[in-house]
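Peer 1:
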Amino acid sequence: MKLLVIVWLLIFVCGISTAQQIQADDIRKIENEDPLRPAKAAFYSAVLPGLGQVYNKRYWKVPIVYGAIGLSVYSYDANQKNYLRYRDAYKRRIAGYNDDEFQGLIASTDRLVDGQDFYKRNRDRSMLFILGFYFLNILDANIDAHLKQYNVNSDLSFKPYIDVAPTDAAPVAGMRVALTF
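In this note's numbering, each residue's number is its place in the sequence shown (first place is 1) plus 2.
1. Tell me whether residue 146 is buried or exposed, calling it buried when 16 or more other Cβ atoms sit within 10 Å of its Cβ.
2. For residue 74, which residues in the same chain have their Cβ closer than 7 Å to its Cβ, ignoring the five residues on either side in sequence?
3. With distances taken Cα to Cα, identify the nearest neighbour of residue 91 among 81, 103, 83 and 82.
4. Count the other C-beta atoms from every protein chain shown that fall within 10 angstroms of the C-beta of residue 55, then say buried if there are 16 or more, exposed otherwise.
5. Do you know how far the Cα of residue 125 is from the Cα of residue 82?
6. If we call anything under 7 Å between Cβ atoms a contact, is residue 88 one with residue 114?
7. Can you have a look at residue 142 and say buried or exposed, based on whether 16 or more other CB atoms are within 10 angstroms of its CB?
Shown next, in the form of structure tokens:
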């Protein structure tokens, strides 16, 4: 579970850290951009995850998409297998058999039910992660295609600074966003 959260944070940080610098020759390309480009990118990502990122020429995002979805699918599969192990052992004990794989380890059927609940809950969460990463893949392709059509130049700046507080002369950190039209 922690690994899935770490993967999600990496995707989020990588998405934030990408800055688009547009050169003078790229500005001419923006005028010729296809207005349906975001819809195409989203459609391609919906058909095959990562294809929208390839369409946007963001090839480095494809391994992140497949890593996130693949890790979620792996987690789903592992939790499903463990759920079935505990369920089958529980069913055999209820039927009166004493030959399940947990016979020497787990004495109570209540512990088998707890194991079933644990792995079922994690399996369901893994499915939510699969769906979440799938939709984030589509959303990323759509937003990236939209952002390629905007002119981001030096008139828009983001500058962190350290200032001195006027009341007690203590250093204060802050950020300034300057918009020049």
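Cβ coordinates follow ideal geometry from the N, Cα and C atoms, glycine included.
The structure presented is a predicted model; accordingly, all values stated were derived computationally and were not measured.
Peer 2: In short, the structure shows the following:
1. If you number the sequence shown from 1, residue 146 lands on position 144. Around the C-beta of residue 146, 16 or more other C-beta atoms lie within 10 Å, and the residue is accordingly described as buried.
2. For the purposes of this step, residue 74 is taken as the residue at position 72 of the sequence shown. The residues 6, 128, 131, 132 and 135, in chain order, have a CB closer than 7 Å to that of residue 74 in the same chain once the five nearest residues on each side in sequence are set aside.
3. As a first step, residue 91 must be located in the sequence shown, where it is residue number 89. It is 103.
4. For the purposes of this step, residue 55 is identified with residue 53 of the sequence shown, where counting begins at 1. Buried, by the Cβ-count rule.
5. Residue mapping note: residue 82 aligns to position 80 of the sequence shown, counting from 1. Residue mapping note: residue 125 aligns to position 123 of the sequence shown, counting from 1. Annotation: residue 82 to residue 125 spans about 6 Å, alpha carbon to alpha carbon.
6. Residue 88 sits at position 86 when you count from the first residue of the sequence shown. Residue 114 sits at position 112 when you count from the first residue of the sequence shown. Yes, these two residues count as a Cβ contact at 7 Å.
7. Counting from 1 along the sequence shown, the entry for residue 142 is found at position 140. Burial call: buried.
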